[in-house]
Every structure is written in C-alpha cells, then in structure tokens.
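Novice: Sending over a structure as structure tokens; questions will come in a sec.
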Amino acid sequence: MAPRTASEMASDSSATDSLDAATDAVLLASRALVGVAVRSLEPVAITLPQFRALVLLAQHGPQNVGGLAELLAIHPSTATRLCDRLLALGHIERATSRESRREVTVVLSARGRALVRKVTVRRREEIQAVVAALSPARRAELVSGFEAFAAAAGERPDDAWKLGWST
Numbered sequence: 009m010a011p012r013t014a015s016e017m018a019s020d021s022s023a024t025d026s027l028d029a030a031t032d033a034v035l036l037a038s039r040a041l042v043g044v045a046v047r048s049l050e051p052v053a054i055t056l057p058q059f060r061a062l063v064l065l066a067q068h069g070p071q072n073v074g075g076l077a078e079l080l081a082i083h084p085s086t087a088t089r090l091c092d093r094l095l096a097l098g099h100i101e102r103a104t105s106r107e108s109r110r111e112v113t114v115v116l117s118a119r120g121r122a123l124v125r126k127v128t129v130r131r132r133e134e135i136q137a138v139v140a141a142l143s144p145a146r147r148a149e150l151v152s153g154f155e156a157f158a159a160a161a162g163e164r165p166d167d168a169w170k171l172g173w174s175t
C-alpha cells in the first residue's frame, strides 16, 4: 500500500473536523430543544419519557407493552410501570388484543390525544418564535439540515401522526 499524501491526510482531518463541528452544533441545538420540550410540559404535569410514549402511540397506534418498550428502547418492565402511570392519569387505555385474548394492548385515550395535541401546539409556537428570528435563507438551511437529521434518526414527519388536528 502506497504512503498517504499530505492532501489525503488533510482531507481526512477536514472530514473529522467537519464531523466534530456538526456534532457540536447538534449538541448545542439539542440543548435548546430540550429546554423547549421541558417548558412545553411544565403546565401538564407529565414527564418527558411519559410524553415520548404518548407520541409514539400517536405515531404507531396501539401497541402491546413489549412493542412500546422496543419503540422507547427500554426494558419491558419499565414500560409496564410507565403504562401503569399513564393509565392512572387517564392518558392511555388498555384493551385485549384482537389476535390474542391473552395479549393486552395500550392505546391513546381521548385525554392522551388532547394532551399530545396541546403540548405539540405549545412546543410548535415556541419553536416558531425562535425560527422567526432567522433570515429566510437561514430558515431554508435549517429545514434542509433538520429534515436530513430527522431522516437519519428514523423520525417520521409530523403529518404522519397529527391525528387530524390543524395548527
């Protein structure tokens, strides 16, 4: 194998620097977005993990607890406790599976759908206020970058789970 040229080594270094810069920028943006997420949940007395479960149920529909645990990337026993709390709050309902009477599924209740809608609208308003401070050119860059990032992370667009509400 031939020795690497200075140009090849500089290109590798540039790619690493670019990856590090992108990672740092996403970390910084994620701090801002976590702040928005936490503030949007303050008035509704629900935790971020509980809200994430509700959003996943809105996106994916009824799930057995094991399926929800897999979507949340948590242990099934943790998902069971989380579902118990959401059930006690009235945000989900349990139902017997149509395929197997021994299998229980969880589904968003009307109250859970309303909560997802309310928090999403509040979060959208706060994000829109931040985005409004950007120039149109920067907004276009932001849209392109975040769409690519969300796709790489496996997230679905909002319209895949809006449950029929408009903003």
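Under the working numbering, residues 9 to 175 are what the sequence shown spells out, in order. We put the beta carbon where it would ideally sit given N, CA and C, even for glycine. From a predicted model like this one, the values you see are computed outputs, not experimental measurements.
Taking the continuous alpha helix (DSSP H) assigned at Ala-156, which residues delimit it?
Specialist: 144-161 is the extent of the alpha helix (DSSP H) around Ala-156.
Novice: Taking Cβ to Cβ, would you say Val-124 is nearer than 8 angstroms to Ala-40?
Specialist: Contact: no.
Novice: Quick check: what's the CA-CA separation for Gly-153 versus Arg-146?
Specialist: Each residue's Cα considered, the two are about 10 angstroms apart.
Novice: I need the straight-line Cα distance from Gln-136 to Arg-110, nearest angstrom please.
Specialist: Their Cα atoms are separated by approximately 45 angstroms.
Novice: Can you tell which of Arg-132, Val-44, Ala-53, Leu-64 has the C-alpha that lies nearest to the C-alpha of Leu-80?
Specialist: Of the listed residues, the one whose Cα sits closest to Leu-80 is Leu-64.
Novice: What would DSSP say about Ala-103, mapped onto helix, strand or coil?
Specialist: Ala-103: strand per DSSP, three-state reduction.
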